[in-house]
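Numbers in the working numbering are just positions in the sequence shown, counted from 1, shifted up by 8. Here's the structure, in structure tokens; my notes come after.
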Amino acid sequence: MGMRWVGFRKVRRQVCKRISRRLDDLGLDDAQSYRSYLTSHDEEWEVLGSLCRVTISRFYRDRGVFDALRSGVLPRLAQAAAARGDRCVRCWSAGCASGEEPYTLVMLWRPERAPSFTLDVTATDSDEGLLERARSGRYNKSSLRDLPDDLQTAAFTKEGGQYVIKDEFKCAVRFERRDVCGEPPAGPFDLILCRNLAFTYFDDDGQRVVLDVVRRVLNRGGVLVVGVHERLPEGSAEFEPLAGVPGAYRYILQTDSAAA
Numbered sequence: 009m010g011m012r013w014v015g016f017r018k019v020r021r022q023v024c025k026r027i028s029r030r031l032d033d034l035g036l037d038d039a040q041s042y043r044s045y046l047t048s049h050d051e052e053w054e055v056l057g058s059l060c061r062v063t064i065s066r067f068y069r070d071r072g073v074f075d076a077l078r079s080g081v082l083p084r085l086a087q088a089a090a091a092r093g094d095r096c097v098r099c100w101s102a103g104c105a106s107g108e109e110p111y112t113l114v115m116l117w118r119p120e121r122a123p124s125f126t127l128d129v130t131a132t133d134s135d136e137g138l139l140e141r142a143r144s145g146r147y148n149k150s151s152l153r154d155l156p157d158d159l160q161t162a163a164f165t166k167e168g169g170q171y172v173i174k175d176e177f178k179c180a181v182r183f184e185r186r187d188v189c190g191e192p193p194a195g196p197f198d199l200i201l202c203r204n205l206a207f208t209y210f211d212d213d214g215q216r217v218v219l220d221v222v223r224r225v226l227n228r229g230g231v232l233v234v235g236v237h238e239r240l241p242e243g244s245a246e247f248e249p250l251a252g253v254p255g256a257y258r259y260i261l262q263t264d265s266a267a268a
């Protein structure tokens, strides 16, 4: 499947527990029995794929990243878009899970937004169940625990025991079912977030496939953000670490670097 969890012991343990429970559900004795089962049940590969991805999704997860996006990255991307005669900053949230990340981007944009300037957010995931949750925009209090109070007040209404994102924020995100290794959404993009997904779960070959996808749709000078504990594979020198933003890289050409 091209997946690995080197350096991510907690993820590996969780995946092993999930697969063990799946074997119990199927009445299988061991991993070898499951391997045989997979050869005769093609539909099980999709189940196995979902078991191998541990989703931890909260609003404003990794505060330092979103603080930097709010105060510096998004405004600079807006300036770059204006310089090229564009009035829109385009973002792709890859592996968006139940929507917390792309909705957070919309919340961050509003305080900085200039009149007639827009933020366009496309969010993708391969799990349709997670996408349905994202489209509903309903969350438990635990999902909001890292979200600053001003954003929580601006973006949510409380209904019973849940927090429901307001329509003005919900309508600002377009959700699509896509595999991060497959055909990307229509770009180009100024900002791509691919956090705690490809560079945690995929082997080196798989990571390079994802980087090739990113290269196809990320604007020159655009920003790629990965997880704070993730690293890009070898052969990605055109992604220059962005000072002060954990896990962020500016997409440059070698001539850009020499000129700087």
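Glycine included, every Cβ here is placed at the ideal spot set by N, Cα and C.
Remark: C-beta atoms of Arg143 and Arg66 do not approach each other more closely than 9 Å.
Cys99: member of the beta strand (DSSP E) spanning 96-102, first to last residue. According to the DSSP assignment, Glu176 belongs to no beta strand (DSSP E) but to the alpha helix (DSSP H) extending over 175-178. No Cβ-Cβ contact shorter than 9 Å links Val181 with Ala256.
Residue burial annotation: Arg223 is exposed, with fewer than 16 other C-beta atoms found within 10 angstroms of its C-beta. Taking the Cα of Leu116 as reference, the smallest distance to any Cα among Arg258, Ala86, Asp133, Gly103 is reached at Ala86.
DSSP lists no bridge partner for Met9.
Spanning the alpha carbons of Thr47 and Arg98 requires a straight line of approximately 42 Å. The C-alpha of Pro83 is placed about 40 Å away from the C-alpha of Glu54. Ranked by how close their Cα comes to the Cα of Ser150, the residues Gln170, Ala162, Phe177 have Gln170 in first place. Ranked by Cα distance from Ala245, the options Val129, Ile260, Gly10, Leu139 are led by Ile260. Ile173 is the residue among Leu56, Ile173, Val23, Leu139 whose C-alpha sits nearest the C-alpha of Leu155. In the pairwise beta carbon analysis, the region 133-140 is classified as touching the region 184-193: at least three pairs are separated by under 8 Å. Cβ atoms of Arg26 and Leu59 come within 8 Å of each other, at about 4 Å.
Beta-carbon to beta-carbon, Leu250 and Cys202 are separated by about 15 Å, too far to satisfy the 8 Å threshold.
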